[in-house]
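Novice:
Protein chains in written order, with the UniProt record's numbering: chain A, 1 to 257; chain B, 1 to 257; chain C, 1 to 257; chain D, 1 to 257.
(1) Suppose you measure from the CA of residue 132 (chain A) to the CA of residue 123 (chain A); what does that come to, to the nearest Å?
(2) Which full runs of the beta strand (DSSP E) of 3+ residues lie inside the segment 181 to 218 of chain A, going along the chain?
(3) Go through its chain and collect everything with a Cβ distance to residue 150 (chain B)'s Cβ below 6 Å, but skip five positions before and after it.
(4) Can a CB atom of chain G be found closer than 8 Å to the CB of residue 174 (chain D)?
(5) For residue 248 (chain C), which beta-bridge partners are listed by DSSP?
(6) With a CB to CB cut of under 7 Å and the five nearest residues on each side skipped, what residues in its chain are close to residue 160 (chain A)?
(7) Using a beta-carbon distance below 8 Å, is residue 247 (chain D) in contact with chain C?
(8) Against chain D, with Cβ distances strictly below 8 Å, would residue 110 (chain C) count as a contact?
(9) Along the chain, where does the beta strand (DSSP E) that runs through residue 3 (chain D) open and close?
(10) Please go through the same chain and pick out, in chain order, the residues whose beta-carbon is closer than 6 Å to the beta-carbon of residue 297 (chain B), but skip the five residues on each side of it.
(11) Rounded C-beta distance between residue 72 (chain D) and residue 105 (chain D)? I'm assuming under 8 Å.
(12) With 16 as the cutoff for other CB atoms within 10 Å, does residue 300 (chain D) come out buried or exposed?
(13) Note down the Cα distance separating residue 200 (chain C) from residue 144 (chain C), rounded to an integer number of angstroms.
(14) At the 8 Å Cβ level, is residue 115 (chain B) part of the contact set with chain C, yes or no?
(15) With a threshold of 8 Å between beta carbons, is residue 191 (chain B) in contact with chain A?
(16) Drop a sphere of 10 angstroms on the beta-carbon of residue 88 (chain D), count the other beta-carbons inside from all chains shown, and report buried for 16 or more, exposed for fewer.
(17) Name the residue from A:165, A:216 and A:29 whose alpha carbon lies nearest to the alpha carbon of residue 228 (chain D).
(18) Who are the Cβ neighbours of residue 53 (chain C) in its own chain at under 6 Å, not counting the five residues just before and after it?
(19) Does the beta carbon of residue 1 (chain B) sit closer than 8 Å to a beta carbon anywhere in chain C?
(20) Kindly give me the distance between the Cβ atoms of residue 252 (chain D) and residue 98 (chain D), rounded to whole angstroms, as I take these residues to be in contact under 8 Å.
(21) Cutting at 8 Å between CB atoms, please list the residues of its own chain near residue 187 (chain A), excluding the five before and the five after it.
(22) Does residue 89 (chain C) come out as helix, strand or coil in the three-state DSSP assignment?
(23) Kindly indicate which three-state DSSP category residue 83 (chain C) falls into: helix, strand or coil?
(24) Using 8 Å as the threshold, is the C-beta distance between residue 233 (chain D) and residue 118 (chain D) below it?
(25) Could you tell me the distance, in whole angstroms, from the CA atom of residue 39 (chain D) to the CA atom of residue 108 (chain D)?
(26) Give the list of continuous beta strand (DSSP E) stretches no shorter than 3 residues that lie fully inside the segment 11 to 57 of chain C.
(27) Should residue 135 (chain D) be flagged as near chain C, meaning a C-beta pair shorter than 8 Å?
(28) Measuring straight from C-alpha to C-alpha, what distance separates residue 18 (chain B) and residue 61 (chain B)?
(29) With the cut-off set at 8 Å, would you say residue 256 (chain C) and residue 121 (chain C) are in Cβ contact?
(30) Check the DSSP bridge columns for residue 64 (chain D) and list the partner residues they point to.
(31) Per DSSP, which one or two residues make a beta bridge with residue 137 (chain A)?
(32) Under 8 Å between C-beta atoms, does residue 200 (chain B) make it to chain A?
(33) Roughly how many angstroms separate the alpha carbons of residue 103 (chain D) and residue 154 (chain B), rounded to a whole number?
(34) Between residue 86 (chain B) and residue 238 (chain B), which are expected to be in contact by the criterion C-beta below 8 Å, what is the C-beta distance as a whole number of angstroms?
(35) Check whether the Cβ atoms of residue 91 (chain A) and residue 68 (chain A) sit closer than 8 Å, and answer yes or no.
(36) List, in order along the chain, the chain C residues whose C-beta lies closer than 8 Å to that of residue 178 (chain B)?
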């Protein structure tokens, strides 16, 4: 039984983590951490800080979905104490992550992932693997109207991975120069030479399609998600994987295949 | 049995028409027409002009997939003689078509269609019908790398049909202003307010997707084609339909539903 | 301003109706009806029965998303009083609906729809319209694992509509006889001659794809939904449409295009 | 410059190989082999047997797309002579392949692949890689009406690969027991526990979709092909890869990533 402490247990992501850990057979929530209140949620004790929590309970893993302002302090308490950390909170620089990992007790792992959705991570891994075999590649992402920037960070990252992995041979796909007058943008945004198209509609949550083509064939990899619960299998995978690893590990793909 | 004369019978489209008419149970090729040679193809006589053909054989319908320079002359012979015409040759103005139809014998039909692919025509009809019920609509077209302009004429026409049919209520989808620096074009080309995206790959022939969205739902209409034979059901539909119609008719949708 | 009374206003669907009507510019909720309690929700009065409601407030339309056991009684009060009814509650036979409509005051409309999702209704209408032009048609539906029957009612209904609308010409698609030993079911369920396939996954809410094919082309119509809010545009369309209609009307398609 | 001999050079696949090799910058056709005639195709000599060919020209690689009755003899000549072989001809047992490879000169490679389409091979590799992370997986294959069996060999193989790779945890997807009376087959064919659905239409050549699902997310991998040229990048990859390998190698995936 993996003993899990959940920092930010009462937040949107934290409470989903609590539910997922509670439901899993091989792990349990041993405490929640919340500086704003230590009222117990009923099934586990709650502490105001990681320090207090580690004094009181025995935890194997700290899961942190909190705020940029508090995550570094949490990790600085847990890692030297030999508690593996699974972190989804963004905002830490690579340097800070490396420094925190360097201060960890031997055998302790700091795992950070910008994206815990297994399917999205696999989509990017597959795009990287397919890129050398197809001259043409384009990315289409589909998001809800409330998304304020285009294209999405995942689409940009996917295009960059494709650009790094593909053969230097130039694709034969025509570009912006073929756009008809008044139809600028038809060929999308070029991200490192890969066209990226962004579709917006109230009918989507978050989807992405990567299309590879060569003569007479098309390979399409698509990911659709519409629920933050889609993060949870990745969080559980992180919790199960850190026990056997050490040092700083970045990206869920490190634990996949 | 509908008696069909085929102008341009030896060309790429014409020979496909000959095959399709020959295969159909309810029609037959009674002659081919080709100014460059009158050698018989074996199963039907060939004439150098429509005039000669109509003198020699009895035809119900003339199918014309020829050249802009000859089509008007062909129709000017056939229509006054009471022969219905099914025309896929482009280049005739609306005025010329109307004049040719005006000179037709009573009960004779001049049918012209810019696109004979049943699925593409239905895609546009359905897009028009769906537009009033969805705030968001975008068009993605997929073509082979050898296509020299973007977006395709069908995509532009589809966007225009959507713009005409949709409610004046402004879509909530964010536009070009949300494109990140260096990612101009991500939100596509705006055609009458409808974003249109063009994907190019050696892996496609001609495909198009129209995506409609409202809260929590998406309706997608997609057409794929990779063979000029996909024109033939539309040509046969035209041949079967002109007998019961009169005057100028434009667009395959006139005979569909 | 259309004045709307909402029976079952506190239920799952009813409260979504209240939200949608409140948000719309051209209508308002004038009362809720709930036999289990008449505590006001704050912005409108609540009555224990339709009779009491109609005594107290002036309503143009009654929306009923209640139970099979109460809907008939509600309609029997509202229709003779000249209140148009928009009904999503299932369980009323065609005979009962016809009888209720016959007792309505002149100029009053009883509108019942088994499905208020605009996209799903259009998918079926488009399938019906496309069927005559394609020899092959198949239906694939995708639902969450908790769906207890296969195929879905919408898929069966879609297949029946296709079967009624298509030409009697037999499709050339091979059937169950081509299934390899041990792979029975590969060609799906035959519903009136149309193959229907059901996919189940925790990754879906409710999606369906209708695929039409002829030589060298494919026309695909797909609907995805993952939120009961996708019903609401259809309910508002019903509310806006009943005022100009009379008698029994069944199916949202009656008000679309 | 890789020197390539093409057995069956005049056949459907062989002539496509000749075109592809000729077009590539880093290889050339040094001879064709055809027992039925040795008339030169103009740009390279033709021999009646592999033995005669190897006597006359210096070849690095023999590509064999011939018949089950002749392939073993061809390989038995080429491999002991130190010529690497790239084989797409089916019908050789694993035992025969192993024996032929055992008789090869040192440093010589016998490469056999049942499928040379890069995209189809990647689809299967990706399905294998994704399987451990998703409780639900289903396969849908789409082929032309002239396909005489269902499901396709590729679909069956994909399902087997998923079954081997996935966790033993039972999927929550309901099965055949949820099929409604008269709708047997809706849930597809079960291949090692993975539902497989086969769609048939004149509108397809060969496509396949693998759908993985977990709570709130779907990962879809799709491959479409409509031209035998889609085999050629895989054949060229084989020709380029055998020089650095030795012994029997089966499957294009051996050379991919």
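Think of the CB as a built atom: it goes at the ideal place given N, C-alpha and C, for glycine as much as any other residue.
Specialist: Taking the structure as given:
(1) Taking the straight line from one Cα to the other gives about 15 Å.
(2) Qualifying beta strand (DSSP E) stretches, in chain order: 189 to 191, 194 to 200 and 206 to 214.
(3) So the list reads 198, once near-sequence residues are dropped.
(4) Checking the listed chains, one finds no chain G in this structure; the protein chains it contains are A, B, C and D.
(5) Answer by DSSP bridge pairing, in chain order: C:110.
(6) For residue 160 (chain A), where only same-chain residues beyond five positions count, the Cβ hits under 7 Å are 191 and 192.
(7) It does not: the Cβ of residue 247 (chain D) has no partner Cβ on chain C nearer than 8 Å.
(8) Taking Cβ atoms only, chain D never reaches closer than 8 Å to residue 110 (chain C), which makes this a no.
(9) 2 to 7 is the extent of the beta strand (DSSP E) around residue 3 (chain D).
(10) Since the first residue of chain B shown is 1 and the last is 257, residue 297 (chain B) is not available in this structure.
(11) Taking a contact as a CB-CB distance under 8 Å, the pair residue 72 (chain D) and residue 105 (chain D) does not count as one, their CB atoms being some 17 Å apart.
(12) Nothing can be reported for residue 300 (chain D): it is not among the residues displayed for chain D, which extend from 1 to 257.
(13) Spanning the two alpha carbons is a distance of roughly 6 Å.
(14) Put simply, the CB of residue 115 (chain B) is far from chain C, with every gap to its CB atoms at 8 Å or more.
(15) Yes, residue 191 (chain B) counts as interfacial toward chain A.
(16) It is buried - the Cβ of residue 88 (chain D) has at least 16 other Cβ atoms within 10 Å.
(17) Here the closest residue by C-alpha is A:216.
(18) Answer for residue 53 (chain C): 5, 31, 33 and 47, listed in chain order.
(19) For residue 1 (chain B), the answer is no, since every Cβ of chain C falls outside 8 Å of its Cβ.
(20) Contact flag wrong, Cβ pair sits at about 19 Å.
(21) If we look at residue 187 (chain A) and ignore the five residues flanking it on each side, its Cβ neighbours are 174, 175, 176, 178, 179 and 195.
(22) Three-state DSSP puts residue 89 (chain C) in coil, outside helix and strand.
(23) Correct three-state label for residue 83 (chain C): coil.
(24) For residue 233 (chain D) and residue 118 (chain D), yes; Cβs fall inside 8 Å.
(25) About 30 Å.
(26) As for any beta strand (DSSP E) of minimum length 3 sitting wholly inside the segment 11 to 57 of chain C, the runs are 27 to 33, ordered along the chain.
(27) Interface annotation, residue 135 (chain D): in contact with chain C, CB-CB separation under 8 Å.
(28) Linking residue 18 (chain B) to residue 61 (chain B) through their CA atoms gives a straight-line distance of about 13 Å.
(29) Taking 8 Å as the cut-off, the Cβ atoms of residue 256 (chain C) and residue 121 (chain C) count as close.
(30) Per DSSP, D:7 and D:87.
(31) Answer is A:212, bridged to residue 137 (chain A).
(32) True, the Cβ-Cβ gap to chain A drops below 8 Å.
(33) Distance between the alpha carbons of residue 103 (chain D) and residue 154 (chain B) is about 59 Å.
(34) Beta-carbon to beta-carbon, residue 86 (chain B) and residue 238 (chain B) are separated by about 4 Å, close enough to satisfy the 8 Å threshold.
(35) Residue 91 (chain A) is a Cβ neighbour of residue 68 (chain A), given a cutoff of 8 Å.
(36) Contacts between residue 178 (chain B) and chain C, judged by CB atoms closer than 8 Å, are missing: the closest CB pair is about 23 Å apart.
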